[in-house]
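Line by line, the protein sequences give chains V and Z.
The opening residue of the first sequence carries number 1 in this note's numbering; numbering runs sequentially from there.
The opening residue of the second sequence carries number 1001 in this note's numbering; numbering runs sequentially from there.
The C-beta atom is built at its ideal place from N, Cα and C for all residues, glycine as well.
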Amino acid sequence: MMDCARYRRLIMIDPQDPDPSLREHRESCHGCNLYTERLMRFESRLDHALRVSLPSDRVVWLSAKSRPARHSPAYRRGWFAIAASVLLAFVVAGALWLSAPGPSLAAAVVGHMAGEPQAWRRTDVPVPTRALQDVLRNSHLRLTDATGVVSYAASCPFRGYRVPHLVIQTASGPVTVMVLVHEHVAKQVGFDEQGYRGVIVPVAKHGSLAVLTRGADTDPKTIEYIAARVLDSIVWTG
Amino acid sequence: MKDQVGGNQKRARFQALCQSLRPDLLRFAFWLSRDRALAEDVVQETLLRAWKAQDSLQDEAAAKPWFLTIIRREYARCFERKRFVTVDVDDLVAREEPTLAAAPEAQDLAEMRAALFRLPDEYREPLVLQVLMGFSTAEIARELDLSNAAVLTRLFRARKQLRVLCGEDTSLDPQE
Chain V
1 MMDCARYRRL IMIDPQDPDP SLREHRESCH GCNLYTERLM RFESRLDHAL
51 RVSLPSDRVV WLSAKSRPAR HSPAYRRGWF AIAASVLLAF VVAGALWLSA
101 PGPSLAAAVV GHMAGEPQAW RRTDVPVPTR ALQDVLRNSH LRLTDATGVV
151 SYAASCPFRG YRVPHLVIQT ASGPVTVMVL VHEHVAKQVG FDEQGYRGVI
201 VPVAKHGSLA VLTRGADTDP KTIEYIAARV LDSIVWTG
Chain Z
1001 MKDQVGGNQK RARFQALCQS LRPDLLRFAF WLSRDRALAE DVVQETLLRA
1051 WKAQDSLQDE AAAKPWFLTI IRREYARCFE RKRFVTVDVD DLVAREEPTL
1101 AAAPEAQDLA EMRAALFRLP DEYREPLVLQ VLMGFSTAEI ARELDLSNAA
1151 VLTRLFRARK QLRVLCGEDT SLDPQE
C-alpha cells in the first residue's frame, strides 16, 4: 500500500499520472483526495498560464530559397523572409471604380483586386528578376533579398498612376502588396471589405503601402507584421 | 512532372504541419527564452532549418520533438554568438508584461506567469515540456539528455518552487 508522502510526491511530479496505484490511494485516503483536488486546480492554472497569447502568425513561412536579412537586437532581427514568390497580376482597374464618386483608398485597392483573380494563385515560381526590376524601377525602389522570392509583379493603373502590384506567398497564403507612392495617408488604415482584409500604412516621403489578404483567415496583426516586413525590405532609389 | 507534383504535395503537407505546430513552438521558445522577440526569431530560424531538412523527418508523428530539438539548438546558438549579459528577472518580467498579462478577472494567471519567469531554467524547461507540450517523462529525458530520475526530480522541484512563488499553501506538500 502506497503511503501518503509517496503518493503526494508522485502526484507532484505528474498530476496526470494514470498509474492505477495512485488512483487507488486517492480513493482510499480523504486527505490525499483533497490535496489532489487542490493540486489539480493549481495545475489547471499552470496550463492556462503557459498558453500565453503570442502573435504566432507574425512568424512567416520561409522559402528555402530565401535568406533573410538580419537586424535583430537579440538575434537576427528582421530576417523573416517572406517565403515565396510574387505573382504578377495586372488588372485593368476598371471603369467602374474609376467613375465611382470618390471611393476611399481602401475601397479602390479592394476594387482593383476584383479584376485580378489570377494574382491570388499559389505559386513558387519566381518572377524573372528583370521583369521585377522593370516594375519597381518606375516607382524608384528595389527590394532587398529579405523580401524573399518575388514571383509575380505587375505595373498596374491605379487612380491615374501606374503602381507596382506584387503578390507574395507567405505562411498566411498569397499576400498582395501595392506600392502607392502617390497616395498619402495620415495614419495606418485597416480594412475588411468584400472578402479582402488588409492595411494601408503611410510611408514617409513615399506615399503609402497597401497589403491585402483574401478571406478572413489572416488576422490584422499578421497583416500589419507582413506590411512592416515588406517596408523593411524596400530600398528607395529616388 | 510526376515527381514535381509529388514534391509540391510533400511541401504543402510539410508547410501545413509547420503551421499547425507553430503556436506551440512559439510558446515553447518564449518560455525557453523569456523574450518574445527572441522567441520569434528562434522559431523563424527553426522553420527555415526545418524546411531545408524536411527529408530527415521520416515520421510526422515525431514532428514535435524534432522541431523542439531544432528550437533548442537555435536558442543555444544565440549563446554561442552573443554574450548574454545577466538580466534581472524583474526586468524580464517588466519587459514582457504585455505578453504575461491576463484578463482583469484572471490576475492569478499573470502572477503565475511572472512566477514561471522566476523559476530556474533547469526546472522551467521540463515543466513546460510536460504541461504545454504533453511530453512524457521519458520524452523529456530524451529531449534534455537527462536520466529519467533527473527529470522526475526537476519536475518535482519545479512544481514545489512554483507553488511557493505563487504563494500557495504548501504546508501539506511532500518533502523531497
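*Taking 8 Å as the CB-CB cut-off, is Z:Phe1156 touching chain V?*
Closer than 8 Å: yes.
*Where V:Ser155 sits in the DSSP three-state scheme*: If DSSP states are grouped into helix, strand and coil, V:Ser155 belongs with the strands.
*asked:* How far does the alpha helix (DSSP H) with V:Leu135 in it extend, from its first residue to its last?
replied: One detail in the question is off: residue 135 of chain V reads as Val in this sequence, not Leu. Run containing V:Val135: Thr129 to Arg137, per the alpha helix (DSSP H) assignment.
*State whether the region 174 to 193 of chain V contacts the region 215 to 233 of chain V, with contact taken as three or more CB pairs (one from each stretch) at a distance under 8 Å.*
Contact holds: three or more Cβ-Cβ distances are below 8 Å.
*What residue range is occupied by the uninterrupted alpha helix (DSSP H) comprising V:Phe191?*
From DSSP, V:Phe191 is part of no alpha helix (DSSP H) but of the beta strand (DSSP E) over Val189 to Glu193.
*Determine contact between the region 3 to 12 of chain V and the region 27 to 44 of chain V, defined as no fewer than three beta-carbon pairs at a distance below 8 Å.*
Contact holds: three or more Cβ-Cβ distances are below 8 Å.
*Count the other CB atoms within 10 Å of the CB of Z:Thr1137; is the residue buried (16 or more) or exposed (fewer)?*
Here Z:Thr1137 is buried, its C-beta having at least 16 other C-beta atoms within 10 Å.
*What are the start and end residues of each continuous beta strand (DSSP E) run of 3 or more residues lying completely inside the region 171 to 238 of chain V, in chain order?*
Fully contained in the region 171 to 238 of chain V are the following beta strand (DSSP E) runs of length 3 or more, in chain order: 173 to 180, 189 to 193, 196 to 202, 208 to 214 and 234 to 236.
*Determine the chain V residues that contact Z:Pro1174 at a beta-carbon separation under 7 Å, and present them in chain order.*
Ala5, Arg8, Arg9 and Met12, listed in chain order.
*Which of helix, strand or coil DSSP assigns to V:Gln169*: If DSSP states are grouped into helix, strand and coil, V:Gln169 belongs with the strands.
_Which residues in chain V have a C-beta closer than 8 Å to the C-beta of Z:Gln1130? List them in chain order._
Neighbours of Z:Gln1130 on chain V, chain order: Asp14.
*In terms of DSSP beta bridges, what is V:Leu141 paired with?*
DSSP output for V:Leu141 lists V:Trp236 as bridge partner(s).
*Validate contact between the region 145 to 165 of chain V and the region 1007 to 1015 of chain Z using beta carbons, cut 8 Å, 3 pairs*: Segments in contact, no.
*Relative to the alpha-carbon of Z:Ala1177, which residue among Z:Gly1167, Z:Asn1148, Z:Glu1143 and Z:Pro1120 has its alpha-carbon at the smallest distance?*
Here chain Z has residues from 1001 to 1176 only, and residue 1177 of chain Z is not among them.
*Taking the alpha helix (DSSP H) that Z:Ala1150 falls in, what are its first and last residues?*
Run containing Z:Ala1150: Asn1148 to Leu1165, per the alpha helix (DSSP H) assignment.
*asked:* According to DSSP, simplified to helix, strand and coil, what is Z:Val1131?
replied: Look at Z:Val1131 here: in three-state DSSP terms it is helix.
_Exposure label - Z:Asp1024; buried when at least 16 CB within 10 Å_ = Burial call: buried.
*asked:* For Z:Leu1017, which residues in the same chain have their Cβ closer than 7 Å to its Cβ, ignoring the five residues on either side in sequence?
replied: Correct list, in chain order: Glu1060 and Ala1063.
*Span separating the alpha-carbon of V:Phe42 from that of Z:Arg1118*: Here the C-alpha atom of V:Phe42 lies approximately 17 Å from the C-alpha atom of Z:Arg1118.
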